[in-house]
Amino acid sequence: MKLHRLPLLTLLFLLPVIVKAGPIETIAELIKRGNAHEVATYFSASVDFTMMKDAGIYSKAQAELILDKFFKEHKPQEVKLLHKVSSNANYNYGVLILSTDKGKYRVAYTLREVGKMMEIIEMRIETEKT
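Every number in the numbering used here is 1 more than the matching position in the sequence shown, counting from 1.
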């Protein structure tokens, strides 16, 4: 094989990895990092947010504060993508199992397309029942 074709071959191997990371996976990675500010960039103007048994509709800023408080009290260690629905171009849904220093939690979020961007319209964080 000639060396001038090596970059093309490398690109072909990396292409599935580049294309595969959608908003569900990106948000999962941000949750794994415990980065509430970056997750909040995906929040819509108002978010239906449920944290354990407390539920409400919050502004983007309020939802970020709630998520930030959760991450400060529960340091993320690992995230496993349990379920993903992305067959509808306008709505996506993801379910994660988040392992923290205080236990496991189920994180579910719904995304809706607004303009050209997917935004989180609903997020639920509940204790994982094993």
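Glycine residues also receive a C-beta, built at the ideal position from the N, C-alpha and C atoms. Please read all numbers here as calculations on a predicted model, not as lab measurements.
Identity of the residues DSSP links to residue i by a beta bridge
i, result
"Ser100", "Glu79 and Lys105"
"Asp49", "Ile58 and Glu123"
"Tyr92", "Arg113"
"Lys85", "Gly95"
"Thr128", "Tyr106"
Among the options, nearest to residue i - alpha-carbon criterion
i, options, result
"Leu83", "Gly35, Met119, Ala109 and Asn93", "Ala109"
"Tyr94", "Thr111, Arg107 and Thr101", "Thr111"
"Ala29", "Leu97, Lys130 and Asn91", "Leu97"
"Tyr92", "Gly104, Leu66 and Glu120", "Glu120"
"Arg113", "Ile58, Glu127 and Asn89", "Asn89"
"Ser100", "Gly116, Gln78, Met118 and Thr27", "Gln78"
Rounded Cβ spacing between residue i and residue j (contact assumed at less than 8 Å)
i, j, result
"Ile122", "Val40", "Incorrect: roughly 14 Å between the Cβ atoms, too far for contact."
"Phe44", "Lys61", "4 Å"
"Gly35", "Ser87", "Contact flag wrong, Cβ pair sits at about 24 Å."
"Phe72", "Ala46", "Their Cβ separation, rounded to whole angstroms, is 22 Å, which puts Phe72 and Ala46 out of contact at 8 Å."
"Lys103", "His75", "5 Å"
Near the ligand HEM: residue i beta-carbon under 7 Å from a heavy atom
i, result
"His38", "This structure simply doesn't include the ligand HEM, nor any ligand for that matter."
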